[in-house]
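For reference, the structure is listed below as structure tokens.
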Amino acid sequence: MHNNVTDKKDDLHNHLPYEDEERLEKLFAKLDLDGNGKIDIHDLSVALKQLGVHHHYAEKFLQQSDVSKSGDLSLADFIDYVREHEKNLRLHFSHLDKNRD
């Protein structure tokens, strides 16, 4: 028996190339500082601070990506958010890159 989170994760993983899945799982693990399987505002703020990014961006990212409004992100939510934004960036770039160079 699967729960909705497991089903969503399985569905996302079925549509991701292995390299993308692995890359996003590694990034998620780096951001999940306490290893609880969720990225919360503390995890994200600390990670971004190490990169010299203001904590305001952690709050903004979490607000935009946390569709369930639970205050944290699961791996499935993280993958879904990143994939959607990467897809949008590729679409925008493809319109600019008419000669495909």
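Numbering (my numbering), first residue to last: 1327 to 1427. Ideal Cβ positions, reconstructed from N, Cα and C, are used throughout, including at glycine. Small disclaimer: the values here were computed from a predicted structure and weren't measured.
Item checked: Reduced DSSP category for L1359 - H, G, I as helix; E, B as strand; rest coil -> Here L1359 sits in coil by DSSP.
Item checked: Residue interval of the alpha helix (DSSP H) (run including V1372) -> I1367 to Q1376
Note to self: Which residues does DSSP list as the beta-bridge partners of D1398?
What the structure shows: DSSP, once it has assigned bridges, lists D1366 as partnering D1398.
Notebook entry, point to check: Using a Cβ-Cβ cut-off of 7 angstroms (strictly less than) and excluding sequence neighbours within five positions of F1387, which residues of its own chain qualify?
Noted result: Result list for F1387: L1370, in chain order.
Next item on the list: Work out the CA separation of L1399 and E1412 for me, nearest whole Å.
Entry: Spanning the two alpha carbons is a distance of roughly 18 angstroms.
Next item on the list: Kindly indicate which residue of E1385, A1384 and Y1407 has the alpha-carbon position closest to the one of V1393.
Entry: Y1407
Notebook entry, point to check: I think L1357 touches I1365, with their Cβ atoms under 8 angstroms apart; what is that distance to the nearest whole Å?
Noted result: Confirmed, about 5 angstroms.
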